[in-house]
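Before any comments, here is the structure.
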Amino acid sequence: MAKPPVKTDDKRPAGSATSYDVARLAGVSQSAVSRCFKPDASISEKMRKKVLAAAAELHYAPNAIARSLITRRSNIVAVLITEATTRVTPEILFQLNVALLRQGLHLLLFSITREMGHDDI
0 MAKPPVKTDD
10 KRPAGSATSY
20 DVARLAGVSQ
30 SAVSRCFKPD
40 ASISEKMRKK
50 VLAAAAELHY
60 APNAIARSLI
70 TRRSNIVAVL
80 ITEATTRVTP
90 EILFQLNVAL
100 LRQGLHLLLF
110 SITREMGHDD
120 I
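Note that the sequence shown covers residues 0 to 120 in numbering that gives the first Met the number 0.
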């Protein structure tokens, strides 16, 4: 049976490093860590390498949900379909997903029934 994850001092599971942890290890500010993971942000190559090395050591990955709260953009497009789909629905959804991914967006698919009310969605 697997052991539960070890807790860190701040009650987070071990391995769930934050940008503050990366900043501390790299000897930079938290905002420098944030800029490092933001496309087209102003950061020197030396600083970027230092931050990426610390992030790799801590197995850090930016939290997309946290970023969406800050930017107020989820980059998610929701699509609702009913059970009355056609034979071409899978192909349409596939092509839509490809087009969205090219734009840096993600598809979230909901399958609903005709009996569902607005509150159920």
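Quick reminder that beta carbons are idealized off the backbone N, C-alpha and C, glycines included. Since the model is a prediction, treat every value here as computed from it, not as a measurement.
Thinking just about the alpha-carbon of each residue, which of the options is nearest to the one in residue i?
i: Arg-23; options: Ser-43, Ser-15, Pro-38, Val-50; result: Val-50
i: Ala-16; options: Ser-28, Ala-40, Lys-45, Ala-55; result: Ala-55
i: Ala-77; options: Leu-104, Ser-30, Ser-33; result: Leu-104
i: Asn-96; options: Leu-106, Thr-88, Gln-102, Val-87; result: Leu-106
i: Met-115; options: Leu-79, Thr-85, Ile-91; result: Leu-79
Taking all protein chains shown into account, decide if residue i is buried (16 or more other Cβ within 10 angstroms of its Cβ) or exposed.
i: Ala-161; result: Outside the shown range of the chain (0 to 120) lies residue 161, about which nothing can therefore be said.
i: Tyr-19; result: exposed
i: Ala-98; result: exposed
i: Ala-63; result: exposed
i: Val-87; result: exposed
Could you tell me which residues DSSP pairs with residue i in its beta bridges?
i: Ser-110; result: Ile-80
i: Ile-75; result: His-105
Could you give the first and the last residue of the continuous alpha helix (DSSP H) run that contains residue i?
i: Pro-89; result: 88-101
i: Lys-49; result: 44-57
i: Thr-17; result: Careful: Thr-17 lies outside any alpha helix (DSSP H) and carries neither H nor E.
Report all residues from its chain with a CB closer than 6 Å to the CB of residue i; omit the five preceding and five following residues, and keep chain order.
i: Ser-73; result: Ser-67
i: Val-32; result: Ser-18, Val-21, Ala-22, Val-50
Using C-beta distances below 8 Å, list every residue in its chain close to residue i, excluding the 5 sequence neighbours before and after it, in chain order.
i: Tyr-59; result: Ala-16, Thr-17, Ser-18, Asp-20, Val-21, Ala-53
i: Gly-26; result: Lys-49
i: Arg-34; result: Ala-40, Ser-41, Ile-42
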